[in-house]
Structures are given as structure tokens and as C-alpha cells.
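Structure first, commentary second.
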Amino acid sequence: MGHDRPMNRLLALAFLATLASTAAQAADSWVQYVAGGGVEVRAVVTDSATPCPDVEVDGSAKPMVERASATPGFPLVCSLAVPAGVRTLSIGGHPLPMPSAEPQRIMVFGDTGCRIKGKATQACNDPKAWPFAGIAKAAAALKPDLVIHVGDYLYRETPCPEGNAGCTGSPSGDNWPTWSADFFAPAAPLLAAAPWIIVRGNHEDCERSGAGWLRLLGPVAFDPAAPCTEHLAPWLARIGSHALVVMDDADASDTAVDAKRVPVYAQDFATLKTLSGGGPVWVTMHRPIWAAISGPLGLSVGGSATLIAASGDLTEFAPVSLLLSGHIHSFEAINYDKKIPPQVVAGFGGDNLDVTPANLHGTIFQGSSAVSVKDGLSIGGFGFLMMTRNGTGWDIQLYDASGTPTHRCLFANGRVDCPAK
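Residue 1640 is where the sequence shown ends in my numbering, and the numbering goes up by one at each step.
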């Protein structure tokens, strides 16, 4: 018996090491919708000696496959397509969130990273100045069925200036340490709470962190021979009875019309009816086509010049019932004067906030078909929103960074209305 004790101790240590390894793998695993109508489990494996883990699918082990091999800047990324009709998913005994057959609670936010670019620095080490981790924790506690991130994940573009205590120790650039610090570590509770729909933002264009985004979060297969694709075609996510089209407008210039990009986005808009099958569809993109910030003298200015030029006579928006976007670091709810769907902007997830007009009524966006705001408002402060299905539409509850409810809106009958408190 005495000779067995060292062996038992070794077996116990090996078992604990296995648990630690699977726990580490599960900490950087998540579930996301992808192009082609599917759902995938993704995992990042930071231990160079560890292969892709298995996923327990209804209790049976299924090996993940390599999505992207390890490089000097990034660890191994693995994936597994989730078969239809699956009831449970887990990695190393850690449950993964399951797609809902008919989501009732949809959490929406974006623009979550901490800004470090030259002298423009945010205090990433101060949870009040950069509250993304608290927002993710508070949102996870509300148990959403689905999370929609409307883009902009990585803002730490340059090193923290020497002597700046607010961001000291921060990584920077398009690499795994920065992605972990700016997104995966603070988002962990929310990644474990629900499947995600991942929208590309302008901070994920090829001049910034597009290669890392496509490797880690992209909705299509990763091609190591072409690590950054400037533009992805729109794709459809079926969320129960709803069709949601995800558009990539990362490289659509806001301030000037990009003549080379106008035909690209015009074609994207033309596919909305085909993708939706002709039925009602929500569209989510990072840059809003028509939304505003406060300009000189407090006047409302904004809109994406390239997207407005591509929108033509607006007929392509006939099947669309709601637009969801970010880019402007505030909450906005906008109804327009023409037959175009209402807009919800939710870019208030962590990066420095924008100053926006409280009342957007009368804001005009010039284009081949001028669009003006029939009624609309913006609400400042960090936070997120939860869309909850009701009998006639969707309640939109706004929460601040601590998870305290602040304002309530209603999306129904082709409008988003936010009654005065």
C-alpha cells in the first residue's frame, strides 16, 4: 500500500493539471453565429503544447478543428460547427451557452475597447473611466438569450505614454495580449452567458486590427494566405422567427464619398431582400447610415457620406424593419420622415463617450434622397440595452454601467418610442 501513495499523488497532480488545462481552455471559449446560417464554438488555446480541445456535444466528445494556427502574435484558434438540434455543449465540463430557438432577451452594445492612440488616452486601469468589464458582468447577470456586439473591440493602438498611470502596463497593437486585455478578459462573463452575433467595426479595418478580428471573431473561414479582407459580404443570422442581416461597413468613409466603395455598398443593400427571403429583417452594421453627433454651435451633424450615396432611392430598405448600429458613442433612437426603418444606436459600451444632441428632430442628411429625422433623441452615459419581446413588439430597456435600469423605449409598429421619464 505504501508504494501506491506516490503513484496516487502523481495521478492526483495529473488530474489537477488536466482540470487546470480544460479550465484555461474554457475561459477563452465562446459561441457565435457565422455566415452561412450556422453557429460555431470557438476557443483560443494559449498553451503551445496543448492541441484543440474536444467539445462535449450532448455528452459525446467532438474534436475541434484548427481555425488558425499559432503565430508569434496569436495563439491557436479552434472551432467546431454546432449541429442542428443540439441540447448541450461544454468544454472540459464547463457548459457553453446554447442558441435559443426563439430569443426573448437580446442584449445590444458596442464600441467597448479602451482608447490609447498617441496622446488620446483613456484610463484603462480605472473601471469608472473604462467600465466595459462591469458592463459585461452586469449584462450577464440579466441572462440574455443573445448578445449583439455592434463593432469596435480593440482601441489600444499605440503604447501607453510613459508615466501615464491610467493605462500603465497596457499592451497595444493587433496581437493576442491586446485582444485579451481589451475584449476577451473583460467580456468573459458575457461570453459565457449567451451566444453572440459579432459585427465588424471601423477599428477592425485592415489598417487597424482587421487581421486579428478575422482570425478570432470573423464569421467566415480564416485564410492565412489573406489574413485581412477589406470587406465581407452581408450574411444572415436566423434568430428564431427573425432574420438578422449582418453588414460589414468598416471601410465606408463617413466624411467624404468613397466612389470606389459606393457600388460595393449599393450591392450590399440590394441583397437585403434576397437574404431575408422577402420577409421582415433587422439589419445590424457598425456605422449608422443616418445618425448624428453634436457639431459646431451644437448643431446635429453626421451620417456616413459613402453609405448615404450607396442608399440610392431607398427602395432597397423596404424589407427592413429595424437598424441596429454603434460607432457613435451614445444611445440614440431615431424615426425618419421617409419609409425607412427606425434606427437604434448603441455605441456606449466603454470607449470615450461622444457629445450628441438630446433632440435629433429635424436633422437632415443630404443625398440623392434627402432623409430627415421625424423624431429622435440621444441619451448619454455608458451602458447597454436589453430588448425583451412583448405581445406587440420589443421593450428596449437601457441600463447604466452598473446594470441599473435608466430609460425605457418601445419598438413596435415601425417606430422606436422613448417616453419621457
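Beta carbons: idealized from backbone N, C-alpha and C, even for Gly.
Pair within 9 Å by beta-carbon distance, residue 1416 and residue 1607: In the sequence shown, residue 1416 corresponds to position 197, counting from 1. In the sequence shown, residue 1607 corresponds to position 388, counting from 1. Against a cut-off of 9 Å, the Cβ pair of residue 1607 and residue 1416 comes out as no contact.
Top-ranked residue by Cα proximity to residue 1331, from 1318, 1373 and 1298: In the sequence shown, residue 1331 corresponds to position 112, counting from 1. Looking from the CA of residue 1331, the closest CA among 1318, 1373 and 1298 belongs to 1373.
Cβ neighbours of residue 1376 in the same chain (closer than 6 Å, five flanking residues each side left out): Counting from one through the sequence shown, the residue named residue 1376 turns up at place 157. So the qualifying residues of the chain are 1336.
C-beta atoms of residue 1531 and residue 1545 nearer than 9 Å: Your numbering for residue 1531 matches position 312 in the sequence shown. Your numbering for residue 1545 matches position 326 in the sequence shown. Taking 9 Å as the Cβ cut-off, residue 1531 and residue 1545 do not qualify as a contacting pair.
Residue 1362 versus residue 1412: straight-line alpha-carbon distance, rounded: In the sequence shown, residue 1362 corresponds to position 143, counting from 1. In the sequence shown, residue 1412 corresponds to position 193, counting from 1. Rounded to the nearest whole angstrom, the CA to CA distance from residue 1362 to residue 1412 is 6 Å.
Beta-carbon separation (whole angstroms), residue 1258 vs residue 1414, contact threshold 8 Å: Within the sequence shown, the letter at position 39 stands for residue 1258. Within the sequence shown, the letter at position 195 stands for residue 1414. Contact holds; Cβ gap of about 6 Å.
Per DSSP, cross-strand counterpart(s) of residue 1365: Locating residue 1365 in the sequence shown gives position 146, where the first residue counts as 1. DSSP lists 1325 as partners of residue 1365.
Exposed unless 16 or more other CB atoms sit within 10 angstroms - verdict on residue 1562: Residue numbering aside, residue 1562 sits at position 343 when the sequence shown is read from its first letter. Classification for residue 1562: buried.
For residue 1559, the first and last residue of its enclosing beta strand (DSSP E): Here residue 1559 is taken as the residue at index 340 of the sequence shown, counted from 1. No beta strand (DSSP E) contains residue 1559, which DSSP labels as neither H nor E.
Outcome for residue 1316 when other beta-carbon atoms lying within 10 angstroms are tallied against a minimum of 16: As a working mapping, residue 1316 is identified with position 97 in the sequence shown. That one is buried.
Unbroken stretches of the alpha helix (DSSP H), 4 residues or longer, contained in the segment 1418–1476: DSSP runs (the alpha helix (DSSP H)) wholly in the segment 1418–1476: 1429–1435.
Start-end ranges of the beta strand (DSSP E) lying completely within the segment 1531–1587, minimum 3 residues: Restricting attention to beta strand (DSSP E) runs no shorter than 3 residues, the segment 1531–1587 encloses them at 1539–1544, 1550–1555 and 1562–1565, ordered along the chain.
Alpha carbon of residue 1452 to alpha carbon of residue 1422, nearest angstrom: Locating residue 1452 in the sequence shown gives position 233, where the first residue counts as 1. Locating residue 1422 in the sequence shown gives position 203, where the first residue counts as 1. Rounded to the nearest angstrom, the two C-alpha atoms are 18 Å apart.
Beta carbon of residue 1489 nearer than 9 Å to that of residue 1523: Within the sequence shown, the letter at position 270 stands for residue 1489. Within the sequence shown, the letter at position 304 stands for residue 1523. Contact annotation: residue 1489 and residue 1523 have beta-carbon atoms that are not nearer than 9 Å.
Beta-carbon separation (whole angstroms), residue 1618 vs residue 1603, contact threshold 8 Å: As a working mapping, residue 1618 is identified with position 399 in the sequence shown. As a working mapping, residue 1603 is identified with position 384 in the sequence shown. Yes, they are in contact, since the Cβ atoms of residue 1618 and residue 1603 sit about 6 Å apart, within 8 Å.
Three-way DSSP call (helix, strand, coil) for residue 1240 in this model: Along the sequence shown, read from residue 1 onward, the residue named residue 1240 stands at position 21. In this predicted model, residue 1240 has a pLDDT of only 41, less than 50, meaning its place in the structure is not dependable enough to derive any value.
Bounding residues of the alpha helix (DSSP H) (the contiguous stretch that carries residue 1347): If you number the sequence shown from 1, residue 1347 lands on position 128. First-last for residue 1347: undefined, no H or E at that position.
Residue 1409 (DSSP reduced to helix, strand or coil): Translated into positions along the sequence shown, residue 1409 becomes position 190. Under the three-state reduction of DSSP output, residue 1409 falls in the helix class.
Residues that residue 1253 bridges to, as DSSP identifies them: As a working note, residue 1253 is residue 34 in the sequence shown. Answer is 1257.
Touching by the beta-carbon criterion (3+ pairs, under 8 Å), the segment 1266–1285 and the segment 1300–1315: Three or more Cβ pairs drawn from the segment 1266–1285 and the segment 1300–1315 lie within less than 8 Å of each other, which places the two stretches in contact.
7 Å CB neighbourhood of residue 1514 in its chain, flanking five on each side removed: As a working note, residue 1514 is residue 295 in the sequence shown. Same-chain partners within the cutoff: 1520.
DSSP bridge partner residues for residue 1501 (one or two, in chain order): As a position in the sequence shown, residue 1501 is number 282, starting the count at 1. Partner(s): 1463 and 1541.
Given 8 Å, three or more beta-carbon pairs between the segment 1589–1604 and the segment 1351–1358: Yes, they touch.
Delimiting residues of the beta strand (DSSP E) encompassing residue 1284: Indexing the sequence shown from 1 puts residue 1284 at position 65. Run containing residue 1284: 1284–1287, per the beta strand (DSSP E) assignment.
Per-residue burial, residue 1340 [other beta carbons within 10 Å of its own, 16 or more giving buried]: Looking up residue 1340 in the sequence shown gives position 121. When all chains shown are included, residue 1340 counts as buried.
Distance CB(residue 1298)-CB(residue 1254) smaller than 9 Å: Sequence index remark: in the sequence shown, residue 1298 carries index 79 (1-based). Sequence index remark: in the sequence shown, residue 1254 carries index 35 (1-based). Cβ atoms of residue 1298 and residue 1254: not closer than 9 Å.
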